[in-house]
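Chains P and X, in that order, give the protein sequences.
Per the working numbering, the first sequence starts with residue 6, numbered consecutively.
Per the working numbering, the second sequence starts with residue 6, numbered consecutively.
Beta carbons: idealized from backbone N, C-alpha and C, even for Gly.
Please read all numbers here as calculations on a predicted model, not as lab measurements.
Reading through the structure tokens given below for one structure.
Number of protein chains: 2
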Amino acid sequence: MVGVELPKARQVYLVLRERIANGGLNAGDTLPGEQALAGEHNVSRVTVRRALAELEREGLIDRRRGAGTFIALQNAVKPVVADLADVLSNLIAMGRSTDVRLLAFSYQDAPAMVADALRLVKGERVQRSVRVRIVDGEPFSYLTTHVPERIGVTYTEPELASKPLLALLERSGVSVDRATQEISAVLASPEAAAALNVDIGSALIALTRVVYDGKGRGVEHLHALYRPDRYAFRMDLARTGRNGGRRWSPVENGHAEAGTTKGSETQAGNAREERGKRR
Amino acid sequence: MVGVELPKARQVYLVLRERIANGGLNAGDTLPGEQALAGEHNVSRVTVRRALAELEREGLIDRRRGAGTFIALQNAVKPVVADLADVLSNLIAMGRSTDVRLLAFSYQDAPAMVADALRLVKGERVQRSVRVRIVDGEPFSYLTTHVPERIGVTYTEPELASKPLLALLERSGVSVDRATQEISAVLASPEAAAALNVDIGSALIALTRVVYDGKGRGVEHLHALYRPDRYAFRMDLARTGRNGGRRWSPVENGHAEAGTTKGSETQAGNAREERGKRR
DNA sequence: TTTAATTGTCTACATTATAATACAACATGA
DNA sequence: TCATGTTGTATTATAATGTAGACAATTAAA
């Protein structure tokens with residue numbers, strides 16, 4: 006049973022990061038001393054120091070010998086905030102350069118989950134592709150798509166790497182009509198972590214979208230993973246008329262806000278690259 | 006720099022769990038032998054066995070001596086899928102029993118992030134509360150709310166533990182009008198992990214909602230953490246008219262589907278409780 | 001200046017994780 | 001029955017991680 010626990014240094018790191026982000030600690034505040042932190046968390050000072058070193062490397066804190074440890078001034082690297090409907094359009098509208106790398110492309114039997122969602126007969130063949138979308142030189146989404154073979158054959162591998170999948174589907178005569186999507190959270194698997202340049206086991210936003218044509222047949226199964234530090238789903242809600250109903254309705258928000266802070270981005274970006282290389 | 010890495014056993018565990026969930030492995034399939042897995046992942050067989058032991062404890066696989074390791078039949082404990090607008094209403098509509106525990110309640114200076122979102126003067130006092138919502142006996146959301154002091158004083162601590170916050174706000178004359186919410190993913194901090202009965206460092210869905218009154222003043226800042234195995238945000242989208250626009254519009258879905266499988270829930274629930282107790 | 005508190009550094013040791021190997025117990029199919 | 005491959009168990013060795021304590025360097029305040 007032992008062996009799958011998190012190292013203590015990482016636990017302390019997590020707790021402190023949480024306190025800095027949401028725990029009511031403001032920029033410039035003084036953190037408790039290493040000795041005190043060691044006591045609070047029931048670990049040795051050396052372990053606390055490892056956690057603090059990681060936080061310092063990410064630019065969240067400043068440590069000054071003799072003085073103490075302080076919360077860094079511009080610690081919040083705000084993610085790009087975009088509407089839930091169409092990520093790509095929003096990014097382009099923000100004037101960002103996007104690029105795609107095709108990591109895998111094959112035809113195979115449909116996994117049970119996909120066959121179920123697309124309403125295929127079990128084992129029907131599908132086209133599977135894995136792509137990484139790169140925005141402004143940094144990877145930020147890891148896309149796994151499954152498309153029924155009969156539709157997949159209407160476009161080629163290089164086309165998939167250069168054009169949006171939805172456009173390819175429409176070109177082949179499919180009427181893209183309706184979709185269902187779910188948002189969840191997962192830990193980064195080694196493959197996804199490598200592609201997105203984050204640590205294995207870090208948190209990722211998971212989005213699963215199933216697209217149907219006019220007749221209700223599934224035409225695309227998309228499983229997307231996003232870096233939460235680079236992206237967040239945002240929606241505006243308005244209270245629905247009936248009083249006491251206590252319900253919200255989604256509101257079309259004209260354009261998404263670009264939320265990435267200029268100054269801090271480069272710094273955090275570099276720190277992250279180091280982290281990725283260290284193995 | 007060392008000390009915050011994930012143990013190899015946990016990395017292998019993550020990979021295998023990912024493959025079981027989304028990697029095209031179906032129920033009943035045979036996993037590669039421990040020796041083979043050790044080779045694939047460049048770790049020793051002992052390490053692979055630790056990862057497998059964890060998966061077995063969670064009911065995802067069956068191991069039979071002499072025979073092999075198999076994917077458990079009913080492994081997919083589907084989360085409760087609900088609409089993004091109003092979680093609580095959906096749960097009640099599903100006929101589920103919900104309960105609330107109040108973990109913290111205090112008045113304090115507003116953290117920078119909250120003050121910013123609610124458009125308060127920095128350091129203005131706010132009421133902070135931490136609640137855990139329990140559905141069908143299992144904790145599934147961890148809510149941290151900040152409300153401006155002038156509004157917070159209109160209700161009492163026990164009221165907060167028994168009535169929805171939005172109802173309390175309206176009772177005090179606040180016109181709840183508009184909200185913005187963002188969905189992201191975070192790792193479970195020790196506090197959240199303990200409250201939600203999951204492992205430290207597991208992935209959680211993070212939702213931040215800021216509610217405004219008719220005059221655009223912030224009246225509530227909600228930070229919610231959900232267990233992804235118990236919950237997922239779902240939305241239905243329809244293609245917007247203009248052809249080539251390639252945009253989606255949210256669709257009101259009348260009622261959310263209850264997605265929890267009866268049989269598997271108890272089993273997985275028990276496994277999880279064990280996990281929570283082991284420390 | 002003095003004093004106390006802080007971070008930085010170092011050493012020695014204990015505990016835990018991982019690796020490599022061998023062998024037993026069991027299942028399966030030839 | 002037998003050969004083969006599997007999981008279960010044990011042993012040993014090495015590496016990684018955590019602990020404890022002491023001391024130096026620096027800061028800030030008394």
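Distance from residue 227/P to residue 239/P at the Cβ level is roughly 19 Å; contact not present, criterion being Cβ atoms closer than 8 Å. In this chain, the alpha helix (DSSP H) harbouring residue 199/X covers 195-201.
Chain X has a Cβ within less than 9 Å of the Cβ of residue 189/P. By the criterion of at least three beta-carbon pairs nearer than 8 Å, the segment 138-156 of chain P is not in contact with the segment 163-171 of chain X.
In the three-state DSSP reduction, residue 49/P falls in the coil class, being neither helix nor strand.
Distance from the CA of residue 41/P to the CA of residue 141/X, rounded to the nearest whole angstrom, comes to 39 Å. Taking the beta carbon of residue 185/X as reference, the chain P residues within 8 Å of it are 239, 240, 241 and 242, listed in sequence order. Scanning chain X for C-beta atoms nearer than 8 Å to the C-beta of residue 40/P yields nothing, as the closest lies near 18 Å away.
In the DSSP assignment, the residues bridged to residue 132/X are 112/X and 152/X. With contact defined as three or more Cβ pairs closer than 8 Å, the segment 117-134 of chain P and the segment 197-210 of chain P are not in contact. With contacts defined as CB atoms closer than 9 Å, residue 30/X and residue 116/P qualify as a contacting pair. The C-beta of residue 38/X has fewer than 16 other C-beta atoms within 10 Å across all chains shown, which makes the residue exposed. In the three-state scheme derived from DSSP, where H, G and I count as helix and E and B as strand, residue 34/X is classed as coil. Residue pairing of residue 223/X in beta bridges, as defined by DSSP: 217/X.
Only residues of its own chain outside the window of five on either side were considered, and among them 179, 180, 181, 182 and 224 have a CB closer than 7 Å to the CB of residue 218/X, listed in chain order. Within the DSSP secondary-structure output, residue 75/X pairs in a beta bridge with 35/X and 67/X. Pairing residue 231/X with residue 146/X gives a Cβ-Cβ distance under 9 Å. By the CB criterion at 9 Å, residue 14/X and residue 63/X fall outside the cutoff. Our two residues, residue 174/X and residue 220/X, have alpha carbons roughly 15 Å apart in a direct line. With respect to residue 229/X, residue 208/X sits apart: the two C-beta atoms are not nearer than 9 Å. In the displayed model, residue 18/X falls within a helix according to three-state DSSP.
Chain X places no beta carbon closer than 9 Å to that of residue 77/P, leaving this residue out of the contacts. Proximity to residue 11/P across 43/P, 33/P, 52/P and 66/P peaks at 52/P, based on C-alpha coordinates. Shown here, residue 107/P sits in a strand according to DSSP, grouped into three states. Rounded to whole angstroms, residue 235/X and residue 233/P show a C-alpha spacing of 20 Å. Residue pairing by DSSP places residue 144/P opposite 139/P in a beta bridge. Listed along chain P are 189, 190, 191 and 211, each with a C-beta nearer than 9 Å to that of residue 233/X.
Taking 9 Å as the threshold, the shortest C-beta distance from residue 130/X to chain P does not fall below it. The C-beta of residue 66/P comes no closer than 9 Å to any C-beta of chain X. Per the coordinates, the alpha-carbon of residue 163/P lies some 15 Å from the alpha-carbon of residue 138/P. Taking 9 Å as the CB threshold, residue 205/P lines the interface with chain X. Against residue 31/X, the close residues of chain P are 116 and 117, in the order they occur along the chain (beta-carbon pairs closer than 8 Å).
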